[in-house]
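Chemist: Pasting a structure here, questions to come.
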């Protein structure tokens, strides 16, 4: 069961729980069916829901078919019946026949349907479920272009050997579909955010991709400057056909490396997966592979005596069989990629700088419509500008446009939360439905099926009332549009940074003009020092200083107790609203030469 997906493994765990619930000392096909329904998500569940099957109905049918076991159930590992083992083996064969490298919930359901015998099959038959139709529904769910005529000849287990499930453009790349995401397809369906600006960077990437050799660009830039967005922009350009003929038929697929490593317990499994992906790319000849956080390929999947992902893809990169685009930060590029000269020479770097404040405002204006649709809100022009300007001033540890987008997003969410809170009467209706459901379960447990059926009808009626009222309330909420202004942006930044709101609201010029007056009220008799500091700060805010130099360097001289530290604390309180917004270093603690390591860290090779 090494190639079972996490959801498929969850189904097996839920099947054991269902067996325990019925006090059965085995896990049968009926428990497997209940586990699939109880999971609540996945391909199999979508199909079963289309067949109008719900957990309670199937449970009641199982109770009728096999009943409950004795009350005293031995605790321990409940074994699978031979029929369940056969179903799981059939699930593996179904996956293989469909050219899938994993076994998912859909394959388990196909195995159950193919088995044809057992309690699960009887339950489905009693509930008037057409097994052949259900099988076709699963194949349609896996591929919308599927037709029953696509199926080939059955083998001795009743599995279609020649089945070609994927009729679309992904038909030859099942491993890529399992471990990747097609950005070109998402761009065609308008599911990606628009990319504003970055024309030069996208052109540079296109130029590198059109080269004969070393046609693998790697985007290098700080976190949040828009490296991934540039690749999404490339996918959108390909989807729109605004690229050279050489790239017109290409597909940009982003690889999920974590998903490839997940579940690979034994040596060779990871290598097998990555080779399958590479073979599909080489065969398809129209795939550009995008690896976000490129540095993760160094060491990914490596174990004693095994190769990591970077060493596996190096030969294909050098031969030009594999075209790859990477994205990573400058520090991680130096730490991981530059150390491996053979890997570094196969990539061509593209530097991605942080956009200017003006460009960041344009980017937010371009994304504004998407966020307005999501939050059902309307952003003012002042709100957009404030998000960029205030994030640039107060969130110095992060980069534009990411930090400004986050502020805009959170301001929209904050404004919307108040309008989306359910009225109290819905809670009462939900409690009434829950009470009826508990009574129904008790009736099923006591084998009072007529009472349970009556309660089920009552539950459906109450649920219908609740759903109707919810729909009405949601429709009214959908029509409401909330305004997000500058104050909402300031409230979010104030919460993030701890800078008081009134400090932000105050005009910068007015605040700096009264700086001397404010400081002199607290620091008495140090007018010369206060004036020098105030002038330096005003110069910096008016952009009259060299941006590469500090705002000012001051040395306060005087005997103890005249207000040197006190002035620094008052300056911190005036600027940031907190006297503790100050880094204080007491140099009396650094009198010995070896104590400098406390400030600048230990030299290389030392720990301390």
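In this note's numbering, the protein residues as written are 122 to 729.
Quick reminder that beta carbons are idealized off the backbone N, C-alpha and C, glycines included.
If you're wondering where the values come from, they're calculated on a predicted model, not measured in any experiment.
1. Under the DSSP definition of a beta bridge, which residues are partnered with residue 449?
2. Does residue 374 come out as helix, strand or coil in the three-state DSSP assignment?
3. In chain order, what residues of the same chain lie with their CB nearer than 6 Å to the CB of residue 447, ignoring the 5 residues before and after it?
4. With distances taken from CA atoms, which of 336, 688, 538 is nearest residue 441?
5. Tell me which residues share the same chain as residue 730 and place their Cβ nearer than 8 Å to its Cβ, disregarding the 5 neighbours each side in the sequence.
6. Which same chain residues end up closer than 8 Å to residue 706 when comparing Cβ atoms and leaving out the 5 residues on each side of it in sequence?
7. From 553, 597, 538, 590, pick the residue whose C-alpha is nearest to that of residue 609; which is it?
8. Kindly give me the distance between the Cβ atoms of residue 392 and residue 433, rounded to whole angstroms, as I take these residues to be in contact under 8 Å.
9. Determine the extent of the alpha helix (DSSP H) in which residue 301 is found, giving its start and end residues.
10. DSSP puts residue 125 in a beta bridge; with which residues?
11. Do residue 525 and residue 605 have their CB atoms nearer than 8 Å?
12. Which runs of the alpha helix (DSSP H) at least 4 residues long sit entirely within the stretch 358 to 405? Give them in chain order.
13. Does the beta-carbon distance from residue 658 to residue 633 come in below 8 Å?
14. Taking the Cβ atom as the reference point for each residue, do residue 497 and residue 601 lie within a distance shorter than 8 Å?
15. With respect to the alpha helix (DSSP H) encompassing residue 480, which residues constitute its N-terminal and C-terminal limits?
16. Could you work out which residue in 182, 475, 221, 226 is closest to residue 167 when comparing CA atoms only?
17. To the nearest angstrom, report how far apart residue 274 and residue 218 are at their CA atoms.
18. CA-CA distance, residue 673 and residue 513?
19. Can you tell which of 445, 296, 255, 492 has the C-alpha that lies nearest to the C-alpha of residue 535?
20. Name the two residues that bound the continuous beta strand (DSSP E) containing residue 547.
21. I need the boundaries of the beta strand (DSSP E) containing residue 602, first residue and last residue.
22. To the nearest whole angstrom, what separates the beta carbons of residue 157 and residue 165, a pair I think is in contact under 8 Å?
23. How about residue 182 and residue 132: are their beta carbons less than 8 Å apart?
24. Are the beta-carbon atoms belonging to residue 346 and residue 184 less than 8 Å from one another?
25. Taking the alpha helix (DSSP H) that residue 506 belongs to, which residues open and close that run?
26. Please report how far the alpha carbon of residue 581 lies from the alpha carbon of residue 592, in whole angstroms.
27. Would you report the Cα separation of residue 310 and residue 515, rounded to the nearest angstrom?
28. In the DSSP assignment, find the alpha helix (DSSP H) that holds residue 641 and state where it starts and stops.
29. Which full runs of the alpha helix (DSSP H) of 4+ residues lie inside the stretch 671 to 718, going along the chain?
30. Between the Cα of residue 136 and those of 586, 150, 170, spot the shortest distance and give me the residue it belongs to.
31. Do residue 397 and residue 222 have their beta-carbon atoms positioned less than 8 Å apart in this structure?
32. For a test of the three-state rule: what should DSSP assign to residue 610, helix, strand or coil?
33. Throw me the rounded Cβ distance for the residue 603 and residue 576 pair, which I believe falls under 8 Å.
Modeler: Reading off the structure:
1. Beta-bridge pairing by DSSP links residue 449 to 341.
2. Note: residue 374 maps to strand in three-state DSSP.
3. Closer than 6 Å at Cβ, skipping near neighbours: 339, 412, 415.
4. Looking at the Cα atoms, 336 is the closest of the given residues.
5. The first residue shown for the chain is 122 and the last is 729, placing residue 730 beyond what the model contains.
6. Correct list, in chain order: 720.
7. Residue 609 has its Cα closest to that of 538, out of 553, 597, 538, 590.
8. With a Cβ gap of about 7 Å, residue 392 and residue 433 count as contacting.
9. Element bounds for residue 301: not the alpha helix (DSSP H) but the beta strand (DSSP E), 301 to 303.
10. In the DSSP assignment, the residues bridged to residue 125 are 224.
11. In this structure, residue 605 does not lie closer than 8 Å to residue 525 by Cβ.
12. Scanning the stretch 358 to 405 from its first residue to its last, the whole alpha helix (DSSP H) runs of 4-plus residues come out as 378 to 382, 390 to 405.
13. Yes. Within cutoff.
14. Residue 601 is positioned such that its CB atom lies closer than 8 Å to that of residue 497.
15. Taken as a continuous stretch (DSSP letters only), the alpha helix (DSSP H) holding residue 480 covers 478 to 496.
16. Closest by C-alpha distance to residue 167, out of 182, 475, 221, 226, is 226.
17. In this predicted model, residue 274 has a pLDDT of only 36, less than 50, meaning its place in the structure is not dependable enough to derive any value.
18. Taking the straight line joining both Cα atoms gives about 20 Å.
19. For residue 535, the nearest C-alpha among the options comes from 492.
20. Counting along the chain, residue 547 falls outside any beta strand (DSSP E), though it belongs to the alpha helix (DSSP H) covering 545 to 566.
21. For residue 602, no beta strand (DSSP E) encloses it, and the DSSP letter there is neither H nor E.
22. Indeed they touch by this definition, with Cβ atoms about 5 Å apart.
23. No, they are not a contact pair.
24. The Cβ atoms of residue 346 and residue 184 lie no closer than 8 Å to each other.
25. It spans 502 to 515 - the alpha helix (DSSP H) in which residue 506 sits, taken as one unbroken run.
26. Cα-Cα distance, rounded: 16 Å.
27. Spanning the two alpha carbons is a distance of roughly 38 Å.
28. Residues 636 to 643.
29. Listed in chain order, they are 685 to 697.
30. When only C-alpha atoms are compared, the closest one is 150.
31. At a Cβ-Cβ threshold of 8 Å, residue 222 and residue 397 count as neighbours.
32. Secondary structure at residue 610: helix, using DSSP grouped into helix, strand and coil.
33. Residue 603 to residue 576, Cβ: 41 Å. No contact.
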